[in-house]
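Only one structure is covered here, and it is reproduced in the block below.
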């Protein structure tokens, strides 16, 4: 195929993805042990957001507003955040397999978060995020050091990421098995696989602004990310302050990963699947790709949450299991494609 | 004087790559950097382009040290074409050429008519207008190199630095590219392997050997048989072709004794090919004999 496909107009993409997000969000709010029909959901939203005087069953209202809506909002924010991380890392590292989970950043963030929970360094959502950020930054540093120390190159980064993941996962297990009570252990292991249970509005209050601000900061660097297409020297020759941009964007992705891990655990493969699918549709230019990826990541994650609650009746699968079910085949597909082009 | 290196030294991995090199690019002309493998041509280009900082000495752009010029400002002035360019992204030719506008655009500024005009002109100059919609990954090596030159031109630079741009190109595209570069009003600094091309296309030659500048000057005065023997360890002669262009001929060793019989073999129909080769191949050989 010598001529690439026509690219999807960004406006249409955002419109359709927005509609898909609404649909997935409605499903996520409606489906559960107690099924809540759409009109009831709309009534709750009308009461809570616009202060309308509508009569709603208070139990249903509680379920919709305090449990499911906040959960859907956090799922959307986390999906957008992780997809954004993957998109930025793939461009910066020039590696189609780069994403926070495979690079071990999520594992580092888990270690940091577990240290805060179990060893009781500080307390609350903010200190949890800070602990996770410390772990993520440490993992980033380790992986970067390993990758450059062994001669650089795009394949090395993934190998270094595997080493980093193993190390930090082992550290997490060590802390959990030596210091946690049985009950804590069960809770943490479930959370590490990714769990949206226990999400409330304060979590959304952290997740949504973090994604929006980091998204704008990445969008500001969209042209720099485009310029990295032919490597670091090529980007520098196009007037990009490569060192500064790299540090800034690595810090943003580490922070995004940390914030999401501290909220919902280490959810993998979102950052792998979503940017590739979106790039396929809207093209590789980051000015278009970044907003499209964030929105598509939100749809993907809310959809994954719905699946995690419906695949096995009466049971909630860890959301990381659902994303991995999609992510692992995507990983294979990307490997397959890179084999053919190289 | 537009771009000049003054006494630059540079080391990498504990090894001295460049040692007190001074070169000056002629304004609007073509400076050819020649030298054996590992003589420091690519490194000198990277220092000239501000991509690496010299350990000692200065690179001057209009008399101002390049290290003090902001990156974006430098990229509006000076473009760099690397020897190899590869990407994982599914880009079109147009996308690649448009990257050349990066230093001219702010973080939020849109795509202006000036950007569009620069990209169109760069595509036109390099003869890639008809390929604008084609995918980069489907281009041949020569076409990729031309697209990178188009990208460099889209930067609207006053200086272009090229690292062995004719590598991997067939002879026609080598000559076309060098001819194109010479026809521009832009100052060009080109690292070249082919001394004959350097003699024919460059206004000025700088000869590097093991990180030191051997000489800089007009092609006729620098690419002398004596210097070529000293630096490249081969015998060569200068001549002027019928257009008055300086050419370098290399003296090759006389053929071995079996040469004559091998030539006879190539002229006749090969025995093996008659059995295993295709029909068309036999026809070609039949025609020749």
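Protein chains in written order, with full-length UniProt numbering: chain B, 1 to 342; chain P, 1 to 289.
All residues carry an ideal CB built from backbone N, CA and C; glycine is no exception.
Source: prediction; values computed, not measured.
Reduced DSSP secondary structure (H/G/I, E/B, other) of residue i
i, result
"residue 8/B", "coil"
"residue 282/P", "Per-residue confidence for residue 282/P stands at a pLDDT of 44, beneath the threshold of 50, marking its modelled position as unreliable; the derived number appears in the next sentence. DSSP places residue 282/P in helix when its eight states are reduced to three."
"residue 269/B", "coil"
"residue 316/B", "coil"
"residue 204/P", "strand"
"residue 19/P", "strand"
"residue 216/P", "strand"
"residue 276/P", "Note on residue 276/P: pLDDT 48, under 50, position unreliable in the model; the coordinate value appears next. Reduced to three states, the DSSP call for residue 276/P is helix."
"residue 98/B", "coil"
"residue 222/P", "helix"
"residue 7/P", "strand"
"residue 51/P", "coil"
"residue 126/P", "coil"
"residue 196/P", "helix"
"residue 183/P", "helix"
"residue 238/P", "strand"
"residue 254/P", "coil"
"residue 81/P", "strand"
"residue 24/P", "strand"
"residue 36/B", "coil"
"residue 190/P", "strand"
Neighbourhood of residue i by C-beta, 6 Å cutoff - its chain only, sequence neighbours within 5 removed
i, result
"residue 2/B", "Interpretation of residue 2/B is limited by its pLDDT of 37, a score under 50 that renders its predicted location unreliable; the figure taken from the coordinates is listed afterwards. Nothing meets the Cβ criterion."
"residue 201/P", "178 and 182"
Alpha-carbon spacing of residue i relative to residue j, whole angstroms
i, j, result
"residue 157/B", "residue 245/B", "19 Å"
"residue 75/P", "residue 228/B", "15 Å"
"residue 169/B", "residue 136/P", "40 Å"
"residue 285/P", "residue 258/P", "Because the pLDDT of residue 285/P is 43, which lies under 50, any placement of that residue in the model is unreliable, and the number read from its coordinates should be weighed accordingly. Distance between the alpha carbons of residue 285/P and residue 258/P: 22 Å."
"residue 144/P", "residue 167/P", "12 Å"
"residue 119/B", "residue 179/B", "8 Å"
"residue 322/B", "residue 20/B", "19 Å"
"residue 87/P", "residue 307/B", "36 Å"
"residue 342/B", "residue 335/B", "Interpretation of residue 342/B is limited by its pLDDT of 44, a score under 50 that renders its predicted location unreliable; the figure taken from the coordinates is listed afterwards. Using only the alpha carbons, I get a separation of about 11 Å."
"residue 92/B", "residue 12/B", "27 Å"
"residue 10/P", "residue 216/B", "39 Å"
"residue 358/B", "residue 201/B", "Outside the shown range of chain B, which is 1 to 342, sits residue 358/B, and nothing can be said about it."
"residue 312/B", "residue 110/P", "49 Å"
"residue 345/B", "residue 182/B", "In the structure as shown, chain B starts at 1 and stops at 342, and residue 345/B therefore has no counterpart that could be examined."
"residue 287/P", "residue 337/B", "Model confidence at residue 287/P stands at a pLDDT of 44, short of 50, so the residue's coordinates are unreliable; what they give is reported in the following sentence. The alpha-carbon atoms of residue 287/P and residue 337/B are separated by roughly 45 Å."
"residue 38/P", "residue 83/P", "15 Å"
C-beta atoms of residue i and residue j nearer than 8 Å
i, j, result
"residue 70/B", "residue 199/B", "yes"
"residue 42/P", "residue 163/P", "yes"
"residue 205/P", "residue 34/P", "yes"
"residue 207/B", "residue 316/B", "no"
"residue 104/B", "residue 116/B", "no"
"residue 302/B", "residue 76/B", "yes"
"residue 154/P", "residue 107/P", "no"
"residue 114/B", "residue 31/B", "no"
"residue 218/B", "residue 238/B", "no"
"residue 130/P", "residue 169/P", "no"
Neighbourhood of residue i by C-beta distance below 8 Å, restricted to the same chain and skipping five residues each side
i, result
"residue 276/P", "Note that residue 276/P scores a pLDDT of 48, beneath 50, so its modelled location is shaky; the value from the coordinates is reported in the next line. Result list for residue 276/P: empty, nothing under 8 Å."
"residue 159/P", "2, 3, 25, 61, 77, 78, 79, 186, 187, 188 and 189"
"residue 266/B", "101, 106, 107, 109, 110, 192, 193, 194 and 320"
"residue 47/B", "53, 54, 56 and 61"
"residue 236/B", "242"
Proximal residues of chain B, C-beta to C-beta of residue i below 7 Å
i, result
"residue 165/P", "Chain B residues near residue 165/P: none, gap ~14 Å exceeds 7 Å."
"residue 128/P", "In chain order: nothing, as chain B lies at least about 14 Å away."
"residue 85/P", "230 and 234"
"residue 91/P", "229 and 284"
Interface residues of chain P facing residue i [CB-CB closer than 9 Å]
i, result
"residue 240/B", "71, 72, 75, 102 and 103"
"residue 19/B", "By Cβ distance, chain P contributes nothing, its closest Cβ being about 27 Å from residue 19/B, past 9 Å."
Chain B residues whose Cβ lies nearer than 8 Å to that of residue i
i, result
"residue 79/P", "237"
"residue 49/P", "237"
Beta-carbon neighbours of residue i, restricted to chain B and to distances below 9 Å
i, result
"residue 107/P", "219, 220, 221, 222, 223 and 224"
"residue 82/P", "230, 231, 233, 234 and 237"
Same chain, Cβ closer than 7 Å to residue i, neighbours up to 5 away in sequence not counted
i, result
"residue 278/B", "289, 292, 293 and 296"
"residue 90/B", "96, 98 and 275"
"residue 128/P", "93, 146, 147 and 150"
"residue 68/B", "28, 29 and 32"
"residue 199/P", "219, 223, 246, 247 and 248"
Partner residues on chain P for residue i, Cβ-Cβ distance less than 8 Å
i, result
"residue 344/B", "The structure shown has nothing for residue 344/B, since chain B only spans 1 to 342."
"residue 291/B", "Near residue 291/B there are no residues of chain P at all, since even the closest Cβ is about 13 Å away, more than 8 Å."
"residue 337/B", "Here the premise fails: no neighbours, minimum Cβ distance about 10 Å."
"residue 227/B", "99 and 102"
"residue 96/B", "88"
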